[in-house]
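Per the UniProt record's numbering, the very first residue in the sequence shown carries number 1; after that it's consecutive.
Here is the structure we will look at.
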Amino acid sequence: MEPGWTASRCAGICDVDRASCWCPAHTVYGRRPPPADAPPWVRFSERGRPISATCKPSRVRLVNGTVVTIDWGTPSLPHISLDDITGPNGWCNVAKESQLTEPARRGCACDTEPSLSGRMCEHVLEDACPNQCSGHGECDAGYCRCFPGWYGQECARKRAGQEMEPGLDISQRPWLQTTLRPVPAAATQPPPDAPGAGGGNTSAATASSVRQGTGEEEAGAEGAASTGAGSANRGKGRRGRRGGGGRSGSGGRLRPLIYVYDMPPEFTTRMHQYRLTTRNCQYRQYGPRNVSELSIGPYSIEAYLHEMLLLSPHRTFDPEEAAFFYVPVYFTCWTWPINGWSDGPFWGAPTCINRVSNAAHMWLAAKRWVQSHFPYWDRRGGRDHIFLTNHDEGACYMPTEIYETAIMLTHWGRLDLNHTSNTGWKPDNYTAGMTWPGVLGGADVRSLYLGHRCYDPRKDLVIPGLKAPAHYAASPLLGAAPYHRDILLYLRGDIGRHRVPNYSRGIRQKLYSLATTNQWARKHRIFVGDTAEIPGSYGEHLARSVFCAVVPGDGYAMRMEDAVLHGCLPLIIMDRTHALFESILDLDSFSLRIEEAAVNEHLPNLLKAISQGQIERMQRKLALVWHRFAYAQGATVRAAMRESQTTHANAQAIYQGSVPELHPFQPVTRFPVQVDALSTILQWLHGRIPYTRGEAGGTAAGGDAAAAATAAAQQAAAA
């Protein structure tokens, strides 16, 4: 044995399948192994109590009695020892927090297992899975283990020829009533006729409800569903007009039809089993008393979009009639928190020092799995296949063999062909490159992706990130009374004080320097700084601002969403980069764009030179489309929206105040779900169908199809 070698970083029992650490079996709250004859998915006979990363010992006693400090534990205070974990008053042996040793009380927590909560992990919760496995499977840390005969990532499909038995009796799990939804694609009968379903005119069908404060709140992902939670079909599903074009094959079916690949779980839901945290990867989880609640982070669109497409009436089980094919890959979940915490999985080079390499290989493996198991990529060269690239620099390092034809849904609209990485995170620097023995024959990983743009507006779309309704609860979009806008320009957050110079292309740093040096806050009501310098409610500040800076971070940053959802006019400062929906909405009508080089001491004068009349005209234009920047579908999201709306309605009833009739931002009392961000994406896709069929002049970029998609979305938005 080499000096300093240790067998494990776990001070208890290591779950080698998931790299999680648990109290040892000899302790009161230890994990007990399953019986020898248990099925492979049974992981324990008694769950036990997890040992979190902050609960790892930094001091251990050797065989000779010497206490030494180790380099893989928790070296900072409280200097946890093994006795603090497995001793009489250690984390693994006591029932109450008051009984813990002081180091254990300060360092040990119940924050690694989504299915456990409470200070001492005393509450067992439901795990969150796609549609809770549709009532035909058990959820295991995000992965659906389907009942015999059922399959699919949400267990909504039944093997041909087998009886369609009912799903779980949810009276035994009443909390599932709020999250378990029928899967329209699994219905045994066609849905009822829906307004606008025929003729394929999805955009026109929803245009009438684009206006602020209209639309059906309960429509959306489940709008076409009329079947029970346990319904499913036996094979490929209802067959309509092949090709997924503009006509309705069965009454009420919405176009475009999308086939969602059931990817091997190592690309998707298996990632949730490796995450070892309660706060990442998912967009919802079960909280105290098994109430479904939002748990949204910067990259939560990954799980959200997947689940919404699984539940969408646009989904089809028959790939022959599909207009589009969605390839779900949970790369950002791998990026964090799996990468660096677990010893795998890896894609390509087995290292966490280059996350770009893992991303490129993971996407490529997903594409080649699809290509080897289905004929649909080769049928149209991938032009009808959709990938989500929602990390900081989007599709900049998407393998060329995917990027050249497939559709990218991305947050990062960088346009230049010759581009270099601007991230402040070294593992994400796609310009740096890397070689690894035995990988790519020794070639640099950059050989997979160099030579293409990060985004092509002729085939790709820059989409909003997912924001929780609580984030914009101060906005009239959720029924709040509008604030007086007494802040001229606002930017709060990481201003790059401790970052590398290329972070944010230096824009945040430059704005901060100008604002502090020239005392913009005192002279012009322009606030630029971090949370310590600008304390108070972030949402209220945005709702009080006339202009909000939209600037990059490590790549994309959700500043555009923050601005628009609060009725703040975006001041876009990022050259050669499209903002959200810029290719399909008239952003110039409600935003300003200035070149990066034009950011100087005269910026306050530029903003003050815009007349109040022009500002109000821009605000009215923004109020026509701001709902398109929010995702409003899904039961948990809509419940959070209703909570905010109810709070504002009650406040207004007490106050009995009124908003002037001509005010640009009237409180929205019913959110127009049918024209939210997801619906906008689907409308754009509908206009892309001719390109996927080679009916757009045969150009690599899609030619007239892109223009048709743009025109369709703009027509709906302007209605």
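Ideal Cβ positions, reconstructed from N, Cα and C, are used throughout, including at glycine.
Note that the structure is a prediction, hence the values are computed from the model and not measured.
For Ser58, the first and last residue of its enclosing beta strand (DSSP E): Here residue 58 refers to the residue found at position 58 when the sequence shown is read from its first residue. Looking at the DSSP string, Ser58 is not in any beta strand (DSSP E), and its letter there is neither H nor E.
Local Cβ density within 10 Å of Gln273, reported as buried at 16 or more and exposed below that: By one-based count along the sequence shown, residue 273 stands at place 273. Counting the other CB atoms within 10 Å of its CB gives Gln273 a total of 16 or more, which places it among the buried residues.
Among Phe346, Ala323, Asn422, nearest to Tyr376 - alpha-carbon criterion: Your numbering for residue 376 matches position 376 in the sequence shown. Among Phe346, Ala323, Asn422, the Cα nearest to that of Tyr376 belongs to Ala323.
Where Met271 sits in the DSSP three-state scheme: Sequence index remark: in the sequence shown, residue 271 carries index 271 (1-based). Correct three-state label for Met271: helix.
Rounded C-alpha distance that separates Arg315 from Arg255: For the purposes of this step, residue 315 is taken as residue 315 along the sequence shown, with counting starting at 1. For the purposes of this step, residue 255 is taken as residue 255 along the sequence shown, with counting starting at 1. Going from the Cα of Arg315 to the Cα of Arg255 covers about 9 angstroms.
Leu168 in three-state terms, based on DSSP: For the purposes of this step, residue 168 is identified with residue 168 of the sequence shown, where counting begins at 1. Here Leu168 sits in coil by DSSP.
Distance between Ile338 and Arg18 (C-alpha atoms, nearest Å): Here residue 18 refers to the residue found at position 18 when the sequence shown is read from its first residue. Here residue 338 refers to the residue found at position 338 when the sequence shown is read from its first residue. So the alpha carbons of these two residues sit roughly 10 angstroms apart.
Strand pairing of Gly340, partner residues [DSSP]: Position 340 of the sequence shown, counted from the first residue, corresponds to residue 340. Among the bridge pairs identified by DSSP, Gly340 is matched with none.
Helix, strand or coil at Pro195 according to DSSP, with G and I counted as helix: Locating residue 195 in the sequence shown gives position 195, where the first residue counts as 1. With a pLDDT of 47 at Pro195, under the threshold of 50, the modelled position of that residue is not reliable, and the figure given next carries that caveat. Residue state, collapsed to three classes: coil.
For Pro604, the first and last residue of its enclosing alpha helix (DSSP H): Translated into the one-based positions of the sequence shown, residue 604 becomes position 604. Element bounds for Pro604: 603 to 608.
Close beta carbons around Thr405, own chain, < 6 angstroms, minus the five adjacent residues each side: Residue 405 sits at position 405 when you count from the first residue of the sequence shown. Shown here for Thr405: same chain residues with a beta carbon closer than 6 angstroms to its own, the five before and five after excluded, namely Gly381, Gly382, Arg383 in chain order.
Sequence-distant residues of the same chain with beta carbon closer than 8 angstroms to Gly235, five excluded per side: Walking along the sequence shown from the start, residue 235 turns up at place 235. Low local confidence applies: a pLDDT of 36 at Gly235 is under 50, so the model's placement there is unreliable, with the coordinate-based value given in what follows. Same-chain partners within the cutoff: Ala160, Phe317.
Buried/exposed call for Trp22, threshold 16 Cβ in 10 Å: The sequence position of residue 22 within the sequence shown is 22, counting from 1. Trp22 should be labelled buried.
Neighbourhood of Met558 by C-beta distance below 6 angstroms, restricted to the same chain and skipping five residues each side: Here the question's residue 558 lines up with position 558 in the sequence shown. Answer for Met558: Gly465, listed in chain order.
Cβ pair Leu364, Ile407 closer than 8 angstroms: Residue 364 sits at position 364 when you count from the first residue of the sequence shown. Residue 407 sits at position 407 when you count from the first residue of the sequence shown. Going by C-beta atoms, Leu364 is not nearer than 8 angstroms to Ile407.
Close beta carbons around Val124, own chain, < 7 angstroms, minus the five adjacent residues each side: Within the sequence shown, the letter at position 124 stands for residue 124. These residues qualify, in order along the chain: Ser115, Leu116.
Segment limits, alpha helix (DSSP H) that includes Pro690: Taking the sequence shown and counting its residues from 1, one reaches residue 690 at position 690. 677 to 692 is the extent of the alpha helix (DSSP H) around Pro690.
The beta strand (DSSP E) enclosing Ser292, as first and last residue numbers: Here residue 292 refers to the residue found at position 292 of the sequence shown. Unbroken beta strand (DSSP E) run through Ser292: 292 to 294.
Gln612 and Phe665 closer than 8 angstroms at C-beta: Residue mapping note: residue 612 aligns to position 612 of the sequence shown, counting from 1. Residue mapping note: residue 665 aligns to position 665 of the sequence shown, counting from 1. The Cβ atoms of Gln612 and Phe665 lie no closer than 8 angstroms to each other.
Per-residue burial, Ser203 [other beta carbons within 10 Å of its own, 16 or more giving buried]: Sequence index remark: in the sequence shown, residue 203 carries index 203 (1-based). At Ser203 the pLDDT is 35, less than 50, meaning the model places this residue with poor confidence; the figure from the coordinates comes in the next sentence. Burial call: buried.
Assigned secondary structure, Arg392 (DSSP; H/G/I helix, E/B strand, else coil): Reading the sequence shown from its first residue, position 392 is the one you call residue 392. Checking the sequence, you will find Asp at residue 392 rather than Arg. Under the three-state reduction of DSSP output, Asp392 falls in the coil class, being neither helix nor strand.
CB contact flag (Ile329, Phe374, <8 angstroms): One-based indexing of the sequence shown puts residue 329 at position 329. One-based indexing of the sequence shown puts residue 374 at position 374. As written in the sequence, residue 329 is Val, which differs from the Ile given in the question. Contact: no.
CB of Ile463 within 8 angstroms of CB of Ile610, strictly: Here residue 463 refers to the residue found at position 463 when the sequence shown is read from its first residue. Here residue 610 refers to the residue found at position 610 when the sequence shown is read from its first residue. Going by beta carbons, Ile463 and Ile610 fall outside the 8 angstroms limit.
Presumed contact (8 angstroms Cβ cut-off) between Asn354 and Met434, rounded CB distance: Start at 1 with the first residue of the sequence shown, and residue 354 comes out as number 354. Start at 1 with the first residue of the sequence shown, and residue 434 comes out as number 434. Taking C-beta atoms under 8 angstroms as the contact rule, Asn354 and Met434 qualify, at a distance of about 5 angstroms.
Sub-8 angstroms separation of Ser134 and Glu154 beta-carbons: Counted from its first residue, the sequence shown places residue 134 at position 134. Counted from its first residue, the sequence shown places residue 154 at position 154. Glu154 is positioned such that its CB atom lies closer than 8 angstroms to that of Ser134.
Assigned exposure category for Gln177 - 16 Cβ within 10 Å defines buried: Looking up residue 177 in the sequence shown gives position 177. Here Gln177 is exposed, its C-beta having fewer than 16 other C-beta atoms within 10 Å.
Proximity below 8 angstroms, CB of Arg576 to CB of Asp460: Taking the first residue of the sequence shown as 1, we reach residue 576 at position 576. Taking the first residue of the sequence shown as 1, we reach residue 460 at position 460. The answer is no: Cβ separation not under 8 angstroms.
Whole-angstrom distance between Leu82 and Gly451, CA atom to CA atom: Along the sequence shown, read from residue 1 onward, the residue named residue 451 stands at position 451. Along the sequence shown, read from residue 1 onward, the residue named residue 82 stands at position 82. So the alpha carbons of these two residues sit roughly 53 angstroms apart.
Closest Cα partner of Pro350 within the set Phe527, His602, Pro437: Stepping through the sequence shown from its first residue, residue 350 is reached at position 350. Ranking Phe527, His602, Pro437 by Cα distance to Pro350 puts Pro437 first.
Reduced DSSP secondary structure (H/G/I, E/B, other) of Ser357: Against the sequence shown, residue 357 aligns to sequence position 357. DSSP places Ser357 in helix when its eight states are reduced to three.
Closer than 8 angstroms to chain C by CB, Ile573: Among the protein chains of the structure shown there is no chain C, as only one such chain exists.
Own chain partners of Arg105 with C-beta closer than 7 angstroms, once the 5 adjacent residues on each side are dropped: The residue given as residue 105 occupies position 105 in the sequence shown. The residues are Glu97.
At least 3 beta-carbon pairs within less than 8 angstroms: the segment 560 to 569 vs the segment 464 to 479: With three or more CB-CB distances shorter than 8 angstroms, the segment 560 to 569 counts as touching the segment 464 to 479.
Buried versus exposed, by CB contacts within 10 Å (16 or more), Asp456: On the sequence shown, position 456 is the one that residue 456 refers to. Burial check for Asp456: the Cβ neighbour count within 10 Å reaches 16 or more, so the residue is buried.
Spatial distance of Arg508 from Ile572 (CA atoms): What you label residue 508 is simply residue 508 of the sequence shown in a count that begins at 1. What you label residue 572 is simply residue 572 of the sequence shown in a count that begins at 1. CA-CA distance, Arg508 to Ile572, rounds to 12 angstroms.
Exposure label - Gln519; buried when at least 16 CB within 10 Å: What you label residue 519 is simply residue 519 of the sequence shown in a count that begins at 1. Sixteen is the threshold: since fewer than 16 other Cβ atoms of the shown chains lie within 10 Å of the Cβ of Gln519, the residue is exposed.
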